[in-house]
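Novice:
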Amino acid sequence: MEPSYVVAALGASAERAHSSVRFSLHRFTTEEEVEHVGRRTVEVVRRLREMSPLCEPARKTPS
């Protein structure tokens, strides 16, 4: 899997580029859709951090 070329072009390291998520919005994207994706993203990131042996407990997002 290749990292986002946009994130790489911003000067991010390969590691950071591989661990990033890029979202795109459209003029018809609603506020409700953005809020929904934001909530779901937080849920998924928390779950992945709990599963990852590389994520230190102090770095986990607060509840």
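Residue numbers for the sequence shown follow this note's numbering, beginning at 218 and rising by one. Glycine is no exception: its CB is placed at the ideal position from the N, C-alpha and C atoms. Owing to the predicted nature of the structure, the values given are computational and were not obtained by experimental measurement.
Cα separation between residue 268 and residue 260?
Specialist: Walking along the sequence shown from the start, residue 268 turns up at place 51. Walking along the sequence shown from the start, residue 260 turns up at place 43. Approximately 13 angstroms, taken between the alpha carbons.
Novice: Please confirm if residue 218 has its CB atom under 8 angstroms from at least one CB of chain B.
Specialist: Considering every chain present, this structure includes no chain B. It has just one protein chain.
Novice: Can you tell me whether residue 218 is helix, strand or coil according to DSSP?
Specialist: Sequence index remark: in the sequence shown, residue 218 carries index 1 (1-based). Correct three-state label for residue 218: coil.
Novice: With 16 as the cutoff for other CB atoms within 10 Å, does residue 234 come out buried or exposed?
Specialist: In the sequence shown, the residue the question calls residue 234 occupies position 17. Flag for residue 234 reads buried.
Novice: Could you check if residue 245 is buried or exposed, using at least 16 other CB atoms within 10 Å of its CB as the buried criterion?
Specialist: The sequence position of residue 245 within the sequence shown is 28, counting from 1. Burial call: exposed.
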